[in-house]
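Here the structure comes first, spelled out in structure tokens, and everything after it is commentary.
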């Protein structure tokens, strides 16, 4: 029956959209409808694959959520596939950040709803705050969930199933940080004390008064600084008039100064500090750092300090997605964490082969002594590939780096386009045009962009898209997603990584004296398997640490839930 239904949907898809699903897309849909995670190479058509599975699940279980990377993709796919869903007898809706509660409620009641993990989890938490009595007993919470009078007012109806695009990002990378619903509480004493701590911290010298640990993102105060703090504590507001509390704020001020960089960890937009997701390069305007750190960064930037927030309710993505009776997902990079997905979600993983053989040339990584030498090499590489008539995509790790490279290209008179969190409104158009011959596109992170890069005939004949990576990320999967932008659907393409001893991975892993010695004694650039192995080992270490943290977090949540359930019994 499932096979016959899938065949019918393939015909409906072709009639409604003019696109006939390929065999690999049908294979992916059949695997996901059984509750599998599938790995499909970038550009193989995951959007249509998810649409096939979504109808199968909605027909069988009334509703299905399709979780995408961002609001733009949620609206684009829901609208673009609307005729297909209508021909299948189903209503399709989508959720974006600007929607009112009434609009959200209406769209969640469609058979298929496109949304992001952040949007749907936030709405579930809002429902729990209003209807489920989270502070009460299990009986209270259950009554809040099943009360008919409240059911119609809930934003999110009972969960049936979810199909997760970019599953490694949503189900793994985002899983460490819980989503928190909080409210701001006025605290003028904190604001005043933060400004005083900032002024006090300016007089401290690194090495003598404090030390910085970049790996742990920690600041340690030394005795001279502690003595200054004990002397100054009497001048602080009454609620902060204690040496340990002043030391806490001074530590936050020093961390804001030395560990959190504008353009990498945050940006300032219209006089407000907005956090940047380091993995995706996207802005997170509704998110703030806790424990006074956000106010410390605001004091550093000289903008108005916001009120601190107090958490009302929170939940991790792991806990939320485990609550779906049926769950499936897809991504281009899943194999490396397949074991983790089985341990946390009990989801098996399968790999869908590419439709056409991949024509990709991977050039050896090159390592340079300094970041400046690397940028010069990037410039040379760009000019060489443009002269051949190819399209060039340069991946940077931060907004700061994308702007730096953009400024260098502008000084040389090289036309280019920069895609980062500050230009996200034109994201789809920029990505779509990145395949024009001679076009240079600089992007902070291509993971989860969701828009195909279409090569023109000139660029295709010249060798396709050339991808230049300027740093290795903490996860090999992010690097693979960048490289995967080239050579899609059997097209030609190539990639190369140009690295330096001043990259983040090197700064966090090796002492400064060792890097200085290497810069003086080694003849760089080099193509050394020993050095490349070091980068890969470092990435492997960070991935293992992140995986262990995610599993530990889940175990902690389960123990806490059991303890609270026992404690609230009557």
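Numbering (the working numbering), first residue to last: 12 to 581.
Ideal placement from N, C-alpha and C gives every residue a C-beta, glycine not left out.
Nothing here was measured: the structure is a model prediction, and the numbers come from that model.
Using C-beta distances below 8 Å, list every residue in its chain close to residue i, excluding the 5 sequence neighbours before and after it, in chain order.
i	result
residue 364	35
residue 146	Legend: pLDDT at residue 146 = 45, less than 50; position of this residue unreliable, no value from coordinates given.
residue 230	221, 222, 223, 224, 262, 265, 266, 269, 270
residue 41	13, 14, 17
residue 298	286
residue 122	69, 73, 74, 75, 96, 101, 102, 103
residue 303	201, 205, 259, 260, 263, 319
To which residues of the same chain is residue i closer than 7 Å at the C-beta, ignoring the five residues directly before and after it?
i	result
residue 327	186, 189, 564, 568
residue 412	481
residue 128	78, 181, 185, 328
residue 85	79, 105, 106, 107, 125, 126, 127
residue 490	480, 483, 484
Considering Cα atoms alone, identify which of the options is closest to residue i.
i	options	result
residue 111	166, 100, 61, 399	166
residue 409	507, 275, 296	275
residue 283	32, 312, 272, 39	312
residue 130	122, 80, 97, 28	80
residue 513	49, 527, 352, 295	527
residue 484	256, 321, 451, 551	551
residue 388	320, 292, 508, 367	508
residue 50	210, 340, 573	340
residue 385	419, 61, 396	419
residue 504	65, 560, 370, 415	370
residue 393	506, 296, 23	506
residue 236	280, 251, 260	260
residue 557	348, 491, 571, 475	348
residue 322	333, 177, 133	133
residue 248	345, 415, 20, 199	199
residue 346	338, 358, 335, 336	358
residue 215	169, 228, 234	234
residue 29	46, 52, 59, 66	59
residue 31	56, 113, 280, 381	56
residue 381	404, 531, 89	531
residue 208	324, 516, 252, 281	252
residue 545	44, 517, 560	517
residue 404	213, 197, 430	430
residue 583	342, 296, 170	Summary: the structure shown does not reach residue 583, with the chain confined to residues 12 through 581, and so no result is reported for it.
residue 332	24, 26, 46	46
residue 455	334, 289, 473, 421	289
Can you give the beta carbon distance from residue i to residue j, rounded, assuming they're within the 8 Å contact cut?
i	j	result
residue 469	residue 448	4 Å
residue 205	residue 139	32 Å between Cβ atoms; not a contact.
residue 376	residue 466	Rounded, the Cβ-Cβ distance is 25 Å, inconsistent with contact.
residue 453	residue 417	6 Å
residue 124	residue 104	5 Å
residue 397	residue 451	7 Å
residue 406	residue 493	4 Å
residue 192	residue 232	In fact, because the Cβ distance is near 34 Å, the residues do not count as touching under 8 Å.
residue 66	residue 20	6 Å
I need the boundaries of the alpha helix (DSSP H) containing residue i, first residue and last residue.
i	result
residue 444	From DSSP, residue 444 is part of no alpha helix (DSSP H); its letter is neither H nor E.
residue 583	Given a span of 12 to 581 for the chain in the structure shown, any question on residue 583 remains unanswerable.
residue 35	34-44
residue 361	Element bounds for residue 361: not the alpha helix (DSSP H) but the beta strand (DSSP E), 360-362.
residue 479	Per DSSP, residue 479 belongs to no alpha helix (DSSP H); it is in the beta strand (DSSP E), 476-480.
residue 76	Counting along the chain, residue 76 falls outside any alpha helix (DSSP H), though it belongs to the beta strand (DSSP E) covering 75-79.
residue 235	234-243
residue 308	304-312
residue 257	254-269
Between which two residues does the beta strand (DSSP E) holding residue i run?
i	result
residue 172	172-176
residue 134	It is not in any beta strand (DSSP E) - residue 134 instead sits in the alpha helix (DSSP H) that spans 128-142.
residue 404	402-406
residue 379	377-379
residue 384	Note, residue 384: premise wrong, no beta strand (DSSP E); alpha helix (DSSP H) at 382-398.
residue 281	Element bounds for residue 281: n/a, residue is neither H nor E.
residue 222	221-224
residue 454	451-454
residue 370	370-373
residue 320	320-326
So, at 6 Å on beta carbons, what are the nonlocal neighbours of residue i in its own chain, with the 5 sequence-adjacent residues on each side left out?
i	result
residue 254	240, 241, 244
residue 150	Below a pLDDT of 50, predicted positions are generally treated as unreliable, and residue 150, at 45, falls in that range; the measurement from the model is reported next regardless. Hits under 6 Å: none found.
residue 487	550
residue 309	284, 316
residue 296	285
residue 391	none
Indicate, with yes or no, if the ligand MG has a heavy atom lying under 7 Å from the CB of residue i.
i	result
residue 573	Ligands in the displayed structure: none, and consequently the ligand MG is not present.
Does residue i get closer than 8 Å to chain C when you measure Cβ to Cβ?
i	result
residue 263	No chain C is part of this structure, which consists of one protein chain only.
- request: Pair every Cβ in the stretch 422-429 with every Cβ in the stretch 484-501, then say whether three or more of these pairs are closer than 8 Å.
  value: These segments do not touch.
message: With three or more beta-carbon pairs closer than 8 Å as the criterion, would you say the stretch 326-341 touches the stretch 176-184?
response: yes
message: Check whether the stretch 439-448 and the stretch 347-366 are in contact - that is, three or more C-beta pairs closer than 8 Å.
response: Using a C-beta cut-off of 8 Å, the stretch 439-448 makes no contact with the stretch 347-366, since fewer than three inter-stretch Cβ pairs fall below that distance.
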